[in-house]
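Protein sequence lines correspond, in order, to chains A and B.
Taking my numbering, the leading residue of the first sequence gets 807, the next gets one more, and so forth.
Taking my numbering, the leading residue of the second sequence gets 122, the next gets one more, and so forth.
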Amino acid sequence: MLILAAFALILVVVGMIVRPLLHPTPPPSTPPPDPGAPASSDEVEVPGEPPATTSDDLEARIAARRAQMASREETER
Amino acid sequence: MAEFGTFSVVLALAASVWAVGAAFVGYRRGAEPLVRSAEGALRAAAVSLTVSSAVLVALFLTRDFSVRYVAEYSDSHLSTAYTVAAFWAGQDGSLLLWAWLLAGTSALVVRQHRGRHRELLPIVVLVLALVLVLFTGLVATLSNPFVRLPFVPEDGAGLNPMLQNWGQLYHPPALFLGYIGFTVPFAFSMAALVTGRLGTEWIRAVRVWMVGSWLLLGLGILLGARWAYTELGWGGYWAWDPVENVSLLPWLTATAYLHTVVVQERRGTLRVWNLTLAVATFALTLFGTFLVRSGVASSVHAFAESSAGMYLLGAIVAVVVTSTLLITWRLPLLRPPHGKTGAPTRERLFVLTNALLLAYTLAIFWGTLFPVIASTVQGREVTVGEPFFDLLTVPFTVGLLALMAVCPLVAWRRASARGLQRLLLAPVAVGLVVGAVAAILDGGRHPLTIVVLSLSAMAGTTLALELHRGVHAHGRRRLREHLPTLGRLFVRRPRRYGGLVVHLGVVLLIVGVALDVTYRSDERHTLAVGEQVTVGNYVLTLATIDSEVSPTRVSLTATLDVTRPSGAAAGQVVTERYLGINQDQPRTHVGVRSLLREDIYVILEDVDVDTQTAGFNVHLHPGVLWIWLGGGLLLLGGLLAIWPHRGHRTGDAVARPDVDRPEAVAGMAHDPEVPRC
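Given below as structure tokens:
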């Protein structure tokens with residue numbers, strides 16, 4: 807009985823090791839890029855504003871937002 | 122059947138060795154089938170070691186005393202639960218448990234990354250397999266629990282009575298799972314170094330493993346503390362025992378990692394720190410294993426001296442040397458991107474937290490190692506006791522509380538001093554009031570405790586206000602809307618709010634320890650049945666003394682009624698003294714009545730059955746319940762932080778551009794939605 811169990815265990819172990827060599831799995835497929843999606847997290851769109859594409863654009867948007875904030879504070883005062 | 126156990130361990134060792142070779146060659150040649158085969162070998166090792174573990178459990182349950190390990194750690198009277206727990210009561214079985222859990226963890230990692238992080242996987246598999254070869258090799262050669270005795274004894278020696286406690290069922294497996302889980306971040310950090318993929322990829326891959334292992338190790342430490350408190354009968358939960366210390370060391374470095382990794386995710390800096398911390402955490406788990414299993418440390422937890430220690434020492438040296446060389450080699454790639462070397466305010470506080478945790482870790486490491494070095498080099502016995510560690514702990518605690526009080530209020534990029542002052546006003550005021558009240562109640566006799574309580578109040582207020590601001594940021598101003606909004610915040614931002622809960626748990630735990638260490642008291646009383654004594658704010662009345670004789674033990678039990686001086690009932694305390702069948706000395710079960718203010722902790726010392734009198738040692742431990750509540754809160758917060766949720770952001774460098782946050786653009790100090798330290 808124990809010899810049979812040992813034999814079964816050998817079969818299981820060898821099977822798990824050899825199977826990928828006999829039946830190679832294709833490399834994991836990556837989903838095609840979404841043409842509308844931002845390329846990186848740094849380019850996430852801000853709602854209501856055009857997407858930033860270069861660091862110059864980003865600087866310009868920061869300046870614009872600063873001006874907007876200053877104007878809002880001025881109005882509140 | 123024992124021979125089948127040995128056979129399955131050897132088979133697992135063979136599979137692990139194959140995994141090492143196949144992963145190495147697969148990586149060098151870029152051969153995916155070989156890497157997959159190595160992954161299959163890790164799974165096969167897990168299957169094989171599951172069979173080995175099942176065989177050992179079966180040998181215990183069938184009371185096969187022809188097997189040495191079974192005869193040494195069980196007997197025919199042992200209950201089923203402790204018979205199963207005897208699996209990990211000795212060196213050989215605990216190493217088998219370690220190997221099995223490591224193989225299971227490795228199989229889980231492989232399954233989790235079937236289609237992800239494929240560039241890192243060959244080295245990850247290689248490292249996991251190498252560690253598995255070490256532990257399976259030890260079980261197969263030096264610590265085989267399946268060895269048969271040349272004769273069959275009538276009964277086993279039995280399980281050590283101290284281990285016949287609920288703690289034996291849960292404490293070692295939780296601790297082992299925590300230790301073993303740290304192998305995964307180490308394997309990924311090595312893979313990042315070898316492949317040069319040193320961004321946030323490996324950090325994202327190991328996040329759940331790091332937090333999960335930190336949680337399990339924390340749970341193991343807490344369970345061990347509770348076990349010591351209720352079983353050992355000296356009224357303590359932490360004795361600075363070398364083996365206790367070595368469980369704390371990787372937990373501290375993992376805590377440091379969990380803080381600085383946030384900086385790398387957000388700012389791309391502190392890469393060397395994080396890699397070093399991942400390596401150090403794993404190396405310290407090996408160090409802990411070495412100390413427990415080499416016989417070099419004198420501890421109630423240590424196993425007998427074994428040559429396994431030398432192999433573990435060799436593994437520690439290999440890990441430290443290899444990782445140092447790899448980090449040095451990759452230093453040019455580890456420079457922060459875009460020349461970000463300046464540390465803005467929040468980052469500075471993270472680094473300070475890290476420095477504090479590491480200084481504490483190094484000091485405990487040195488205090489634990491020094492007696493071993495002195496004994497090895499000079500041949501003299503040196504003891505580094507509680508006063509040394511207590512001296513270290515006070516400044517660490519004060520610094521940690523101060524950081525927890527300030528850090529959550531400081532913004533990431535630029536902090537405005539005026540804004541910070543405004544936000545600190547309430548916590549400082551609460552801290553000062555609590556400090557003043559504590560000073561009046563204490564009479565100024567314990568200034569350090571007063572400082573700790575004051576800072577705890579300050580940190581607690583900061584954390585409570587953070588939760589409050591989070592609710593208000595969502596426009597919920599009515600009280601009845603607060604709880605549902607808070608619930609939604611935990612679902613939407615579990616990492617941030619889970620972190621706040623962890624910090625609240627730490628504050629509660631520190632308060633409990635400070636109160637207990639400062640104000641604990643003990644007194645001895647002898648009572649006849651019906652007689653009463655006043656201890657602190659309670660009246661204890663000896664209600665009954667009962668004796669019980671069974672085939673396995675003789676016991677005497679004393680029951681005491683607890684009442685307030687007003688006469689109001691406050692429960693009962695039951696304490697026991699017993700002699701088991703395989704014991705030379707009688708042992709005591711401590712009676713504990715836990716109340717919010719303090720624990721009434723009673724040890725039955727002696728009994729005179731003829732006169733119906735009993736001697737008790739009665740301790741009062743203020744704030745101990747807060748330690749367990751704080752520990753529970755800490756674990757709950759950690760669990761919340763890793764709980765899978767909708768829209769889980771795995772956090773690349775900066776998840777949102779600052780233009781999304783007007784506060785950041787305007788350089789304002791505080792953004793309640795930004796994750797805190």
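Backbone N, C-alpha and C fix where the C-beta goes; we use that ideal spot for every residue, glycine too.
The structure displayed is predicted, hence computed values, not measured ones.
At a CB-CB cut-off below 8 angstroms, which residues of chain B make contact with A/L808?
Residues of chain B passing the Cβ test: M122, E124 and F125.
Could you name the residues of the same chain whose beta carbon sits closer than 6 angstroms to that of B/I342, not counting the 5 residues immediately before and after it, in chain order?
These residues qualify, in order along the chain: S368.
Which residue or residues does DSSP assign as beta-bridge partners of B/A735?
DSSP lists B/L648 and B/V728 as partners of B/A735.
How should B/E669 be labelled, buried or exposed, when 16 other C-beta atoms within 10 angstroms of its C-beta is the threshold for buried?
Classification for B/E669: exposed.
Can you give me the C-alpha to C-alpha distance between B/E275 and B/I702, rounded to a whole angstrom?
If I take the Cα positions, the gap works out to 15 angstroms.
One question on the structure: do B/A136 and B/A175 come within less than 9 angstroms of each other, judged by their Cβ atoms?
Cβ distance not < 9 angstroms, so B/A136 and B/A175 don't count as in contact.
Mind checking who B/L741 pairs with in its DSSP beta bridge?
Looking at the DSSP assignment, B/L741 forms a beta bridge with B/S642 and B/I721.
Which term fits B/E602, buried or exposed, when burial requires 16 or more other beta carbons within 10 angstroms of its beta carbon?
Flag for B/E602 reads exposed.
So, do the stretch 237-255 of chain B and the stretch 310-320 of chain B have three or more beta carbon pairs nearer to each other than 8 angstroms?
Verdict: yes, contact present.
By the 10 Å Cβ neighbour count, where 16 or more other Cβ atoms means buried, how is B/N738 classified, buried or exposed?
Burial call: buried.
Count the other C-beta atoms from every protein chain shown that fall within 10 angstroms of the C-beta of A/M807, then say buried if there are 16 or more, exposed otherwise.
Exposed: under 16 other Cβ atoms inside 10 Å.
Let me make sure I understand the geometry here. Which of B/Y640, B/I763 and B/P686 has the alpha-carbon closest to that of B/R617?
That would be B/I763, whose Cα lies nearest to the Cα of B/R617.
Determine the DSSP secondary structure at B/A312, reduced to helix, strand or coil.
Correct three-state label for B/A312: helix.
Quick check: the Cα distance between B/G339 and B/L223, rounded to an integer number of angstroms?
Spanning the two alpha carbons is a distance of roughly 18 angstroms.
What residues match up with B/L757 in a beta bridge as DSSP calls it?
Beta-bridge pairing links B/L757 to no other residue.
Would you say A/V818 faces chain B, with C-beta separation under 9 angstroms as the test?
Yes, its Cβ sits closer than 9 angstroms to a Cβ of chain B.
Using the beta-carbon of each residue, which ones in chain A are nearer than 9 angstroms to B/A162?
Residues of chain A passing the Cβ test: V819, M822 and I823.
Of the residues B/A206, B/D185, B/V383 and B/V713, which one's Cα is nearest the Cα of B/F471?
When each option's Cα is compared against that of B/F471, the closest is B/V383.
Quick check on B/T771: buried or exposed, where buried means 16 or more other Cβ atoms within 10 Å of its Cβ?
Confidence at B/T771 is low in this model, with a pLDDT of 42, below 50, so the placement of that residue is unreliable and no value is reported for it.
Can you look up B/G333 in the DSSP assignment and give me helix, strand or coil?
Helix, per DSSP.
Closest to B/P508 by CA distance: which of B/V573, B/I485 and B/R451 is it?
The residue with the shortest Cα to Cα distance from B/P508 is B/I485.
Ordered along the chain, which non-local residues of its own chain (more than five positions away) have a Cβ less than 7 angstroms from that of B/V650?
These residues qualify, in order along the chain: L663, T665, I666 and Q733.
To the nearest angstrom, how far is it from the Cα of A/S846 to the Cα of B/A375?
Any reading at A/S846 must be qualified, since the residue scores a pLDDT of 38, below 50, and its modelled position is unreliable; the value itself is stated next. Roughly 29 angstroms between the two C-alpha positions.
Who are B/E669's beta bridge partners in DSSP?
According to DSSP, B/E669 bridges with B/S676.
Count Cβ pairs between the stretch 234-241 of chain B and the stretch 131-149 of chain B that sit closer than 8 angstroms; are there 3 or more?
No: the two stretches stay apart, fewer than three of their Cβ pairs being nearer than 8 angstroms.
Using the three-state DSSP reduction, which class does B/R613 fall into: helix, strand or coil?
B/R613 falls in the helix class under three-state DSSP.
Would B/L373 and B/T482 be called neighbours here (beta carbons separated by less than 9 angstroms)?
Against a cut-off of 9 angstroms, the Cβ pair of B/T482 and B/L373 comes out as a contact.
Three-state secondary structure (DSSP) at B/S687?
Looking at B/S687 - three-state DSSP - the assignment turns out to be coil, as it is neither helix nor strand.
What distance in whole Å lies between the Cβ atoms of B/T684 and B/V713, which are believed to be in contact at a cut-off of 8 angstroms?
With 8 angstroms as the limit, B/V713 and B/T684 do not qualify as a contact, their Cβ atoms being about 17 angstroms apart.
State yes or no: is the beta carbon of B/L155 nearer than 9 angstroms to at least one beta carbon in chain A?
By this cut-off, B/L155 is an interface position.
Taking its Cβ as the centre, do 16 or more other Cβ atoms sit within 10 Å of B/V268, making it buried, or is it exposed?
With fewer than 16 other Cβ atoms within 10 Å, it is exposed.
At the level of alpha carbons, what is the spacing between B/G454 and B/G317?
First, the amino acid is wrong: residue 454 of chain B is Leu here, not Gly. Between B/L454 and B/G317, the C-alpha separation is close to 7 angstroms.
Out of B/A192, B/T351, B/R609 and B/M331, which one is the CA nearest neighbour of B/A308?
Considering only alpha carbons, the answer is B/M331.
May I ask you to report which of helix, strand or coil DSSP gives B/A532?
Coil, per DSSP.
When you compare the CB positions of B/L217 and B/L170, do they come within less than 9 angstroms of one another, or not?
Taking 9 angstroms as the Cβ cut-off, B/L217 and B/L170 qualify as a contacting pair.
Name the chain A residues that come within less than 7 angstroms of B/F136, Cβ to Cβ?
Sequence check: residue 136 of chain B is Ala here, not Phe. V819 and I823, listed in chain order.
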